[in-house]
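Residue numbering for the sequence shown follows this note's numbering, beginning at 29 and increasing consecutively.
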Amino acid sequence: MKIGFIGLGNMGAPMAANLFSAGHDVTGFDPAASVPEGVDKATSAPEAVIDCDVVITMLPNGEILRSVADEIIPSMRKGSVFLDCSTVDVESARAVAKQAEAEGLLAVDAPVSGGVGGATAGTLTFMAGGSEEAFAIVKALFDVMGQKAVHCGESGAGQSAKICNNMILGVTMIATCEAFALADKLGLDRQKMFDVVSTSSGYSWTMNAYCPAPGVGPKSPADNDYKPGFASELMLKDLRLSQQAAEAVDADTPMGQAAMDLYSTFVEQEGGKGTDFSAMLPRFEKRHRS
Ligand code: NAD
């Protein structure tokens, strides 16, 4: 396929490189980042999308996505697909899809899980929203960039699935970290704590696969001085998106709210920016009840 790729940052660059390696004709644009080897460089976003079958965006947030959409939609070929893989608010995803469809394009929102490691290895998970027809066209690209793609429903459904998943992830990481800090103060050995919880009803992905305690469980960012991994500020971004969505549909999400407040304090006041989101454990370690 002829593919335009807008946003070649930490995630976009390896995704575009994998599409090129699989034999696709890829043209990329990013005002700041360099273009990976094999990808043709465009001098503007509208230039990158000319005659493309699919245009992929991998951008920081909904506001930037909306402005890029305004720029590129008029230059996209009728019948081509606007595939946004950024993590953005549900409303922006739906608005951009509506705008694209009004101009005779197809649209898919497909945020990813798997981070930079998954983007590089081509093992991302895609959660997609859009029509069956649009999903069927981009499925072959998901197979190159990832290992799994779930068609979740209409436009916005991919973003909805992503923020619900990450709300669970943020809440669970905090619960795992505070339980380790409590266990420490009770004099319980961390390895014993892991051995019990990872095979008991408190088990979770954060305990079993991404343990926040160094030297315990499989290798994780905790074993690399809490270098991300998945940065605390990205977790905060996703928790904010989930609360924004909860507010819009009047859903009661007290644990998601508490997780957002904690990550916000951690990132903005306690030096957590730039650390992995599992660095909540050393944070709790240092703290007292009041
Ligand atoms: P990044 O900041 O490394 O990359 C974003 C790129 O977009 C930058 O290179 C920037 O120059 C470019 N950009 C900004 N404005 C632009 C514009 N107007 N036109 C074209 N390009 C523009 O971020 P990232 O880590 O690659 O993340 C991208 C998206 O993927 C985000 O929505 C993020 O939430 C999501 N995500 C990231 C991870 C991760 O682990 N990094 C994991 C899952 C999802």
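In this text, a Cβ means the ideal position worked out from N, Cα and C, and glycines have one as well.
- It is roughly 9 Å from the alpha-carbon of residue 302 to the alpha-carbon of residue 258.
- Inclusion of residue 165 and residue 82 in the CB contact set at 9 Å is warranted, their separation being smaller than that value.
- At a threshold of 8 Å, residue 199 does not count as near the ligand NAD, since its beta carbon sits no closer than that to any of the ligand's heavy atoms.
- By the neighbour-count criterion, in which a residue is buried when 16 or more other Cβ atoms sit within 10 angstroms of its Cβ, residue 299 is exposed.
- Between residue 283 and residue 294 the beta-carbon gap is near 16 Å, outside 8 Å, which marks them as no contact.
- For residue 173, the enclosing alpha helix (DSSP H) stretches over residues 160-173.
- Around residue 204, the same chain offers 232, 234, 235 and 240 as residues with beta carbons nearer than 7 Å, after the five sequence neighbours per side are excluded.
- Nearest Cα to residue 91 within the set 116, 75, 318 and 152: 116.
- DSSP, reduced to helix, strand and coil, places residue 106 outside both helices and strands of the structure shown, so it counts as coil.
- Nearest neighbour of residue 55 by Cα position, chosen from 31, 37, 148 and 47, turns out to be 31.
- In this structure, residue 150 lies near residue 175, with their beta-carbon atoms less than 9 Å apart.
- Between residue 246 and residue 255, the gap from beta carbon to beta carbon reaches 9 Å or more.
- For residue 78, no beta strand (DSSP E) run applies, since DSSP gives it neither H nor E.
- At the C-beta level, residue 312 and residue 154 stay beyond 9 Å of one another.
- Going by beta carbons, residue 118 and residue 269 fall inside the 9 Å limit.
- Here DSSP, grouped into helix, strand and coil, assigns residue 235 to helix.
- For the pair residue 159 and residue 180, the Cα-to-Cα distance works out to about 10 Å.
- Contact between residue 186 and residue 138 holds, with the beta-carbon distance rounding to 5 Å and staying under 8 Å.
- If you compare the alpha carbons of 67, 273 and 50 with that of residue 57, the shortest gap goes to 67.
- Secondary structure at residue 87: coil, using DSSP grouped into helix, strand and coil.
- Per the Cβ contact rule, the region 69-80 is in contact with the region 103-114 (3 or more Cβ pairs under 8 Å).
- Residue side-chain check: residue 137 keeps its Cβ at 8 Å or more from all non-hydrogen atoms of the ligand NAD.
- Excluding the 5 residues flanking it on each side, residue 272 has same chain C-beta neighbours closer than 6 Å at 117, in chain order.
- The ligand NAD has a heavy atom closer than 8 Å to the beta-carbon of residue 115.
- The Cβ atoms of residue 84 and residue 44 sit closer than 9 Å to each other.
- In this structure, DSSP gives residue 136 an extended state, which the three-state scheme calls strand.
- Around the C-beta of residue 279, fewer than 16 other C-beta atoms lie within 10 Å, and the residue is accordingly described as exposed.
- One thing to note: residue 94 has its Cβ within 9 Å of the Cβ of residue 120.
- Between residue 109 and residue 73, the C-beta gap is not smaller than 9 Å, which leaves the two residues out of contact.
- Scanning its chain for C-beta atoms nearer than 6 Å, with the 5 sequence neighbours on each side dropped, one finds around residue 162 the residues 109, 134 and 136, in chain order.
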